[in-house]
Each structure stands twice: as C-alpha cells, then as structure tokens.
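Beneath this line is the structure, given in structure tokens, with notes to follow.
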Amino acid sequence: MAVSIEEVSASLVREYLSRKGLKRTIACMDEEHPRTVSSINNRSHLRQVLHIEDLYRKNKVQNSPLKTLLEIIVKHHVEGLKDDNMSCNESDSPQPALTVTSTVNSPVINPSEMKDSMTEHGTAAFVTSNPTKLRSHIKGPRPCQPTGTLVFPESNRLSTHTKKGLWICDSADQKGQLLMASPQDNDSLIRREPGKKTSTTESIQRSRNSRITRGMMAGPIASTPQESNKRRQSRRVEVPQPLLRKEEEEENRQSKDGLLVTGLHQQSLESCLDHVAVRRESRSTPQRVQSENSFEEVGQDILKTRNVSPLNLADLDVSEMVLDDIDDEDDLRELSKVSFQRTIAEQSYAGRPMDQHTAMELKAVLLGSCLNCFSVEWRNQDFTFSNTHDLRYGIVQKKGGPCGVLASVQAFVLKKLLFENTESSNTGLQRLRPSNTTRRKCLVLATAEILWRAGEEKKATIAISSGRNHFTPTGRYKSEGVFEKITCFTVDNMKDLQLLLEQHIEQFETGVLGCLLLTISAVLSRSVEKVREDMDVPTTTLIGAHGYCTQELVNLLLCGQAVSNVFDDDMELDSGNGNITLLKGIKGHSDIGLLSLFEHYNICKVGAYLKTPLYPIWVVCSESHFSVLFGLQRELLTNQDKGLEFDLYYYDGLANQQEEIRLTVSVGKPALSCQDVETDLIPPVEHCIRTRWTDAFVDWNDTEPIL
C-alpha cells in the first residue's frame, strides 16, 4: 500500500512537534489537518519509509544525538553542502559551464549570474554558493529522454515558460533562476561539469555512493525495469511537488501491487534526488575506495532489510500507535524513565470522523429530534476560568442554559484542586488561587474522571472539532456545523485519556464549543443505547425546554449514569394489573453531592448517596439553575451535626460574581434559628443547605445574600 508524500511529510512534522513537546501546536495541526488511517504514527516505520535507518544509527552514537528525524535529515544535508563548498574552494580548476538537458532551444546565461539568483531565492538547493553540474546515471538513451543539450551563454532575456520547464530571468539585475523542472523532463536538472572528463561508469558509481551516504537510496540501482520492480517495493522518495504529481499519475497507471516507483520512472526520480544536495565530485582515490566499500556494506544491510515483508497500514491498530521509539533495548530502558510531561508530548492517537448516523442518534438523545439545533448559549459556552483574584478556581458561565454541565465540571475541578492536588504545598484558601497551569491541569483531570466514569471505567471517547466537515447531511437532518466537524478518539485506560485531553484541552477551555464537546463526549463514552436504558422514559432528552440541563444529564456527569432520579438505588412502583414500574436512582456514594430546592418543596427526595458524598462538594439545584457549594475540610462529613459550625463557599458562574462568598453554617443552635425571618426573604441556597443540615443557621458574613 503506497503512502502519499503528504502523509509522510505530515507525519515527519508531527514527529518533530511531538519530540519537541509542542503540544498546542500538535493540537492545532490535528484540528486543521486531521490524521487518517494512512498516517504514520510509529517512528520506526517512518524511518523505514524515509530510508534513513543508517543516518539514525549514526546519530545515536553521537555525544549529543539529535532528538527528531527532521533534524537528523536537515543536519545531513547541511553537512553535505558544507563538503561541497570546501571541495570547490580547494579546487583550482576553472569554473565549469552549467548545462541543462532540454528538447526546446533555450538562451544561454552566465553560470555565475544564475548561481547568484538561485541562491538568493533559495530554490531547493539546485545551485549552492558554487556552480553545480548536471549528473546523469543512465547508461544509454531512454525512450523518454530528451536528446538536445543546450548551454546558456551570457545574455539578458526575459523569462520563458515552456512545456519542458520554467526559466525566470530578472531584467533588472540580469540574473536568471530555474524555478522548477517540468514533469515531462525530469532529468533536466542542473549539476556541475568537472574540469576533466569522467567516465559514465565512474559517474554512476559516485552518484550511487553519494545517495547511499545521505540515506536516500535503498540499494543498488536496478539495471532493468524488472529488477527495479522487485527491489523497490514500498519505496518513498521526496521530490518537488510538481514532479511528484506527475510521477504519481504515471505510477497509478503502471502499478498494480503498490510499487511506488518502477522502470524508467524510478530512474527519473533518482535523477531528481540529485538536486537536493550535491556531493563533492573531485574526491581523491582513497576517498572513492572508502566510499565504494561503504556502499557495499550498506547495500548488504539493505538487502537483508528487504527480506522483511512491507508494512500494511490497513492491518495496524492506529488507536494504539504512539510517536515513540522502542525498536531496541536501549530505547526500552529509556522508555521506563520518561516523565509524565514528556509522555504527553509523545503520544498520538488516530481519530474516527463522525458519521451522519451517529450524529442523528446524538441529536435525538440530546435535543429530541434531528431537526432541532443547539441554542446560541450552548454553542458559545466553554470552560474559561475567572480572572478575579479570589475566584481563579471558578468557571465563568456566559448565559443561561448549560449551567448543569458547568456546575458538574466545576465541582470536579474543586475536588482535584482542594483534595487531590499533591504537587501544591498550599493549604486551605491558598489552593483557591491556583496558577493558570494548575487550574488547567485540574480541568484536564476533572474532565478525564467524568468521561472515565461515564465509560464504566473501561473506556472513554473524546469528541474534538476538526474544523472541517466529514460528511454531507442528507434527509431529515438539520445541519448546524457541529457534528459534521467532530472527530472521535476512544481510549481504554485513564492515563491515555488524560494525555489525549491535555493535547486538546484548549478546545474545551477556550473553544466556542467546549461545553458541547464535553457533553457529546460523555454521551459517547456511555453510549447512546445505555443512556436511554438509564432513563425511566427512553424518549427523555438530556437538554430540556429553554436549553436547560435535565437531571439525567447532571447525573450522567456526576455519577456516570443518566438516571432520572436522585434517590438511593432503584424503586419499584405497582402500576396495577400486576405491572411494575421501575424508577432508577443513584447506585452508590458519589464523589460529588447534590442538594435540590425541589426537596424543600417536597417535590423530590435526595438520597444519602448524594447528600453525603465522599468529598464536601455539592452541586446545588435552585430555581432551575445549578451552582456549587463546597467546604475545605472533609471532617464536616463525618462529625456529628449537633453543635457543628463550619464554613461553606458558594460559587455561581452565571451571577457575575466578583467576590468570594463564604457562608458560616451553625447546626444545633436554636438561639440562632431563623424561624422568625420572613420566608420570602430567605435565600434559596439556605433552603438547600437545610435539606442537608436541618435547622441550620447560615451567616453570609457581610456578603449580600443571593435571593
């Protein structure tokens, strides 16, 4: 299976970014240029495709080896150009003429003028600081070989553009530049012509050795098209894009078994390689002998390598591919020492584009119909943190609607920040003033825990916006540009989930679809089928009237199941005629609790699993709005309620809160009872607190009560 130049190039760039730890850049690249099943996510395979195993081994034995394949390749070519410059500076031979093979009559131009122009414009290293020569390693004429050889003399002419190539001449400074060779005339490449004649055989041998040394040739050149077909399977050669397109078109017509270059096209592609870096031709006899010996050794190694069957990308599990190098024992030992941060940068995953069938199922369970659309409040909501000094832990809600999702995520962020942030030496209130890095990490961990619990702690799926459509909607489906652009990543362990989320956290924290992407990720992690099974009524939606979150969606985020009730366990009701109606509740103690104003009005009953969570953090449901109430000490969950006094902190992301709200709760002190206070003036939050601590007195500590 042939791999396109575009995929190899993209994989080489990703390998560089990954090894350099540029996580945000990788995330942006994955959004704008998503990975496909043809992407190469294994460094060892990438080296094989580029044929740079020899360069890689030489790099590893250096005192300060380079970390990336791209740097290895660049260093190799830079050193090759330095050798050329030194060779030409030491030579006393007169400057040779520049020749170009062509079938069309062309003007003659001064070599030095063309050299300066091409160096100035950086044209793919056709000519460096010294004149180059035309190198040919073809024995005898070829059917597609142009026959005329023209020399460019000194003259001032305008640019000419023929079917055989593009020659640019600037009339202002009288300098010419060969921009590109035409696809039809692949051998019209510039090279140096030595002062003394060199036999064709020696030229061929030096050309081969040059490419072997640079790691761009997989073995001896096949003398016949048949031998080429046998020896060069899965060969990748990087050439200028115009040449590549032409060669790939020809290859598609001639190749049936995935051969990348065959017959005469292989020779023309090898000729194209010569312009990448020009090796020194005026070498001494001992140097040539040494190069020939090196050529034989490398050729033997490559022949051994070729006995291995080529890799088939279709058989690879792309979800498990990582940009890591574990091809020998040294790398395996190093792998065990890699830090958490280093591993994050080196992990990569292949995603699965969203299809219309899945999009329709998601729309139905979220909105009730494929013809419904998300409101502006949902589409523009992310998980941006507050810049207020005392509220740096808080997530800001822009408009009403997705408050249930924001409050649930906020609760888990506080859990990570207050009780699981082992890296911080701060205690108490100091932990509520986190740095940007700390709160972002807590957001990653909180999101990972929510999705992992939704996937029953077996797997999780992350929905990422790729920035381009993956399907064209048809039928009864109203497009809004959300599901069409989603790419899904599924992982089967918590560590990989955290790594993947850290790579894409900007989409959740600052992306306009951050809240929606998390909601979709939670549903996909649980699966649409299980979400419907969790509900008492399968046709219930997760987003209700006016864009509000339903209790099913909040329970999915808090407990991992989209059950419809907040009482403990399940409840069976006799519906008459021997029919039993099963009402599904919370199955066990939750890390995060829930307090509801509906319980104050005797509309529902919140069970002990939510009232007494494992951490002193509660999502508060009050007046169709969700906010957060939390304490700093876990002891308040175990102490006796009578005579207890403690502080709770209240945060509402939608209230444009500008200061910290600290509530002092006193339990079991009748003298402080608020029974004489008018009921209408009691803040709803106090009613919610009393559903957990009966007869509690709440002191707002000079803060304006939220009514």
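Residue numbers for the sequence shown, in numbering that gives the first Met the number 0: 0 to 706. Note that beta-carbon positions come from the ideal geometry of N, C-alpha and C, so glycine has one too. Bear in mind the structure is a predicted one, so any value in this text is a computation, not a measurement.
Requested in this report: Closer than 6 Å by C-beta to Thr702: which residues in its own chain qualify, once you throw out the five before and the five after it? Chain order, please.
Outcome: The residue you call residue 702 lines up with position 703 of the sequence shown. Ile660.
Query raised in the report: In three-state DSSP terms, what is His467?
Result: For the purposes of this step, residue 467 is taken as the residue at position 468 of the sequence shown. This sequence places Arg at residue 467; His is not what is there. Residue state, collapsed to three classes: coil.
Query raised in the report: How would you label His356, buried or exposed, when you count the other beta carbons within 10 angstroms and need 16 or more for buried?
Result: Translated into the one-based positions of the sequence shown, residue 356 becomes position 357. Answer is exposed; the Cβ neighbour count stays below 16.
Report task. Give me the Cα-Cα distance between Leu706 and Pro683, rounded to the nearest whole angstrom. Result -> The residue given as residue 706 occupies position 707 in the sequence shown. The residue given as residue 683 occupies position 684 in the sequence shown. Computed Cα separation, rounded: 7 Å.
Report task. Mark Glu483 as exposed unless 16 or more other C-beta atoms lie within 10 angstroms of its C-beta, in which case mark it buried. Result -> To locate residue 483, count along the sequence shown from 1; it is residue 484. Buried is the call here.
**Report entry** Candidates Gly466, Leu581, Gly577, Leu609: closest to Gly592 by CA position
**Finding:** Residue mapping note: residue 592 aligns to position 593 of the sequence shown, counting from 1. Checking every option, the nearest Cα to that of Gly592 belongs to Leu609.
Query raised in the report: At what residues does the alpha helix (DSSP H) containing His50 begin and finish?
Result: For the purposes of this step, residue 50 is identified with residue 51 of the sequence shown, where counting begins at 1. Note, His50: premise wrong, no alpha helix (DSSP H); not H, not E.
Query raised in the report: Taking DSSP as the reference, what is the three-state secondary structure of Met570?
Result: Locating residue 570 in the sequence shown gives position 571, counting from the first residue. Three-state DSSP puts Met570 in a strand.
Requested in this report: Name the residue from Lys641, Val605, Glu508 whose alpha carbon lies nearest to the alpha carbon of Arg23.
Outcome: As a first step, residue 23 must be located in the sequence shown, where it is residue number 24. When each option's Cα is compared against that of Arg23, the closest is Glu508.
Query raised in the report: Going straight from the alpha carbon of Ala445 to that of Val412, what length do you get?
Result: Locating residue 445 in the sequence shown gives position 446, counting from the first residue. Locating residue 412 in the sequence shown gives position 413, counting from the first residue. The alpha-carbon atoms of Ala445 and Val412 are separated by roughly 5 Å.
Requested in this report: Quick one: grab the DSSP three-state call for Thr24.
Outcome: Translated into positions along the sequence shown, residue 24 becomes position 25. Thr24: helix per DSSP, three-state reduction.
Query raised in the report: Quick one, which of Trp699, Val664, Leu680, Ala406 has its alpha-carbon nearest Thr693's?
Result: Translated into the one-based positions of the sequence shown, residue 693 becomes position 694. When only C-alpha atoms are compared, the closest one is Val664.
Requested in this report: Measure the alpha-carbon distance for Lys709 versus Glu5 and round it to whole angstroms.
Outcome: As displayed, the chain neither begins before 0 nor continues past 706, which places residue 709 out of reach and without an answer.
Requested in this report: Determine the DSSP secondary structure at Tyr614, reduced to helix, strand or coil.
Outcome: Translated into positions along the sequence shown, residue 614 becomes position 615. Coil at Tyr614, not helix or strand.
**Report entry** Buried/exposed call for Val627, threshold 16 Cβ in 10 Å
**Finding:** Within the sequence shown, residue 627 is the residue found at index 628, counting from 1. So Val627 counts as buried.
Query raised in the report: Contact between the segment 370-377 and the segment 614-627: three or more CB pairs below 8 Å?
Result: no
Query raised in the report: If you drop the 5 nearest sequence neighbours on each side, which residues of the same chain put their C-beta closer than 8 Å to that of Met359?
Result: Indexing the sequence shown from 1 puts residue 359 at position 360. Cβ within range, chain order: Cys369, Tyr476.
**Report entry** Exposed unless 16 or more other CB atoms sit within 10 angstroms - verdict on Gly403
**Finding:** Numbered from its first residue, the sequence shown carries residue 403 at position 404. Buried.
Report task. With distances taken Cα to Cα, identify the nearest neighbour of Lys66 among Thr580, Arg531, Arg42. Result -> Taking the sequence shown and counting its residues from 1, one reaches residue 66 at position 67. Ranking the options by Cα distance to Lys66, first place goes to Arg42.
Report task. Kindly identify the DSSP beta-bridge partner or partners of Arg351. Result -> Indexing the sequence shown from 1 puts residue 351 at position 352. Answer by DSSP bridge pairing, in chain order: Cys487.
Query raised in the report: Three-state secondary structure (DSSP) at Glu658?
Result: As a working note, residue 658 is residue 659 in the sequence shown. Coil.
Query raised in the report: Helix, strand or coil: how does DSSP classify Cys603 here?
Result: Against the sequence shown, residue 603 aligns to sequence position 604. Cys603 falls in the coil class under three-state DSSP.
Query raised in the report: From this set, Asp535, Asn578, Lys457, which residue's C-alpha is nearest Thr489's C-alpha?
Result: Residue mapping note: residue 489 aligns to position 490 of the sequence shown, counting from 1. Answer by Cα proximity: Lys457.
Query raised in the report: Taking just the CA atoms, how far does Tyr15 sit from Leu709?
Result: Outside the displayed range of the chain (0 to 706) lies residue 709, so it cannot be described from this structure.
Query raised in the report: If you draw a straight line from the alpha carbon of Glu658 to that of Asp381, how long is it in whole angstroms?
Result: Residue mapping note: residue 658 aligns to position 659 of the sequence shown, counting from 1. Residue mapping note: residue 381 aligns to position 382 of the sequence shown, counting from 1. Rounded to whole angstroms, Glu658 to Asp381 spans 22 Å at the Cα level.
Query raised in the report: Where does Val530 sit, in a helix, a strand or coil, going by DSSP?
Result: Counting from one through the sequence shown, the residue named residue 530 turns up at place 531. Residue state, collapsed to three classes: helix.
Query raised in the report: Tell me the DSSP bridge mates of Glu644?
Result: Working through the sequence shown from its first residue, we reach residue 644 at position 645. DSSP lists Ser665 as partners of Glu644.
Requested in this report: Would you list the residues sitting across from Asp698 in a DSSP beta bridge?
Outcome: Translated into positions along the sequence shown, residue 698 becomes position 699. Asp698 pairs with Thr663.
Requested in this report: Name the residue from Asn420, Ala462, Ala459 whose alpha carbon lies nearest to the alpha carbon of Leu442.
Outcome: Locating residue 442 in the sequence shown gives position 443, counting from the first residue. Among Asn420, Ala462, Ala459, the Cα nearest to that of Leu442 is on Asn420.
Report task. Report the three-state DSSP secondary structure of Thr421 (helix, strand or coil). Result -> For the purposes of this step, residue 421 is identified with residue 422 of the sequence shown, where counting begins at 1. Three-state result, Thr421: coil.
Query raised in the report: Cα separation between Asp535 and Glu571?
Result: What you label residue 535 is simply residue 536 of the sequence shown in a count that begins at 1. What you label residue 571 is simply residue 572 of the sequence shown in a count that begins at 1. Each residue's Cα considered, the two are about 11 Å apart.
Query - As assigned by DSSP and simplified to three states, the class of Asp326 - result: As a first step, residue 326 must be located in the sequence shown, where it is residue number 327. Any reading at Asp326 must be qualified, since the residue scores a pLDDT of 43, below 50, and its modelled position is unreliable; the value itself is stated next. Asp326 falls in the coil class under three-state DSSP.
**Report entry** Leu10 and Ile39 closer than 8 Å at C-beta
**Finding:** As a position in the sequence shown, residue 10 is number 11, starting the count at 1. As a position in the sequence shown, residue 39 is number 40, starting the count at 1. The sequence shown places Ser at residue 10, not Leu. Yes, Cβ-Cβ distance for Ser10 and Ile39 is below 8 Å.
Query raised in the report: Near Leu68, which residues of its chain fall below 8 Å by C-beta distance, leaving aside the five closest residues on each side in sequence?
Result: Position 69 of the sequence shown, counted from the start, is the residue given in the question as residue 68. Correct list, in chain order: Leu11, Glu14, Tyr15, Arg42, Leu45, Arg46, Leu49, Ile51, Tyr55.
Query - C-alpha gap between Val77 and Pro64, whole angstroms - result: Numbered from its first residue, the sequence shown carries residue 77 at position 78. Numbered from its first residue, the sequence shown carries residue 64 at position 65. Those two C-alpha atoms are separated by around 16 Å.
Query raised in the report: So, is the C-beta of Thr437 closer than 8 Å to a C-beta in chain D?
Result: Protein chain content of the structure displayed is limited to a single chain, and chain D is not contained in it.
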